[in-house]
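K.L.:
Numbering (the working numbering), first residue to last: 1 to 247. Let me give you the structure first, and then I'll get to my questions.
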């Protein structure tokens, strides 16, 4: 992170897509996060991750284990939560903060209570949302926290011009239709327009697999922040689904 700070001073920062690397994340999200926070700074080191698996291969793990962040990690599978709790308890003497791991099925009706009851409210540094489900509706419903940076998973089988999401169903589960996953929403509909219209977040890029995108809240944006990306820049192929709902 110090390296990026020094490069920022002499205006020789790399392109966003050149900064990715995997430490604990599923692909290269760890590197992108370190790049972003080296430029915009860190406030309270709080991260909420929704659908974090076992809490070890996720976007929050590197920040928690290696950088002393306070984490709130949700997953709908109790087996994942059990693995995560056992592992973090084993690491207790080596890390600054043991994350809170919560087993819950996330809906728009319960998400704010779940986060608030765990002691997370107001501004946080990072929110990561990856449900493979009704992600649009959950993101739209979150009011109890104000993340400075957001990672959201979009469905890149919808093209860059399409504004769609799966309809809301609290019991929604992803389906495979014609060989592709039917879940989530398009970047343009679920993420780009929603973020721009309602919350003032700016799209700065995606992971190299092109399904997790990064948003930066406008108050944290500065000349040193990663450059803004356009929706169409983050797509490499298209696909079409039926049964979707226009945004």
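Every residue, glycine too, gets a C-beta built ideally from N, C-alpha and C. Predicted model only: the values in this text are computed from it and were never measured.
1) Can you tell me which of the three DSSP states residue 155 falls into?
2) If we count the other Cβ atoms within 10 Å of its Cβ and call it buried at 16 or more, is residue 212 buried or exposed?
3) Let's test the definition: count the other Cβ atoms within 10 Å of the Cβ of residue 223 and tell me whether it reaches 16, buried, or not, exposed.
4) When DSSP labels each residue in this structure, what does residue 212 get in the three-state scheme?
5) Just verifying my parser: in three-state terms, what is the DSSP assignment at residue 175?
6) Of the residues 74, 210, 171 and 164, which one's Cα is nearest the Cα of residue 188?
7) Can you give me the C-alpha to C-alpha distance between residue 3 and residue 69, rounded to a whole angstrom?
8) Any chance the region 118-127 sits against the region 44-57, with 3 or more Cβ pairs inside 8 Å?
9) I'd like to know if residue 130 contacts chain B, where contact means its C-beta is closer than 8 Å to some C-beta of that chain.
10) With three or more C-beta pairs closer than 8 Å as the rule, is the region 27-40 touching the region 149-161?
11) Would you please state the rounded distance, in angstroms, between the beta carbons of residue 217 and residue 205? I believe it to be under 8 Å.
12) Should the region 97-113 be called in touch with the region 58-77, which here means at least 3 C-beta pairs below 8 Å?
13) On the CB-based measure, 16 or more other CB atoms within 10 Å of its CB, does residue 19 come out buried or exposed?
14) Three-state secondary structure (DSSP) at residue 74?
15) Assign residue 84 to one of three DSSP states: helix, strand, or coil.
16) Around the C-beta of residue 214, are 16 or more other C-beta atoms found within 10 angstroms, so that it is buried, or is it exposed?
17) Should residue 179 go down as buried or exposed, given a rule of 16 or more other Cβ atoms within 10 Å for buried?
18) Mapping the DSSP letters down to three states, classify residue 116 as helix, strand or coil.
19) For residue 117 and residue 176, what's the separation of their Cα atoms in angstroms?
20) Taking only runs that begin and end inside the region 21-79, name each unbroken beta strand (DSSP E) of 3 or more residues, in chain order.
P.N.:
The structure says:
1) If DSSP states are grouped into helix, strand and coil, residue 155 belongs with coil.
2) Classification for residue 212: buried.
3) Note that residue 223 has pLDDT 48, beneath the 50 cutoff, so the model's placement of it is unreliable and the number below is only indicative. Classification for residue 223: exposed.
4) Residue state, collapsed to three classes: strand.
5) For residue 175, the three-state secondary structure derived from DSSP is strand.
6) Checked all of 74, 210, 171 and 164; the closest Cα to residue 188 is 164.
7) Answer to the nearest angstrom: the Cα atoms are 20 Å apart.
8) Counting C-beta pairs closer than 8 Å gives three or more between the region 118-127 and the region 44-57, which meets the contact rule.
9) Looking at the structure shown, chain B is missing, and only one protein chain is on hand.
10) As far as the Cβ criterion goes, the region 149-161 touches the region 27-40, which means the pair count is three or higher.
11) That pair is no contact at about 15 Å.
12) Counting Cβ pairs under 8 Å, three or more are found: they touch.
13) So residue 19 counts as buried.
14) Three-state result, residue 74: strand.
15) The answer is helix: DSSP assigns residue 84 an H, G or I state.
16) Buried, because 16 or more other Cβ atoms sit within 10 Å of the Cβ of residue 214.
17) Exposed, by the Cβ-count rule.
18) Residue 116 falls in the helix class under three-state DSSP.
19) As the crow flies, the alpha-carbon of residue 117 is around 35 Å from that of residue 176.
20) Counting only unbroken stretches of 3 or more residues, the beta strand (DSSP E) elements lying wholly within the region 21-79 are 46-50 and 70-75, in sequence order.
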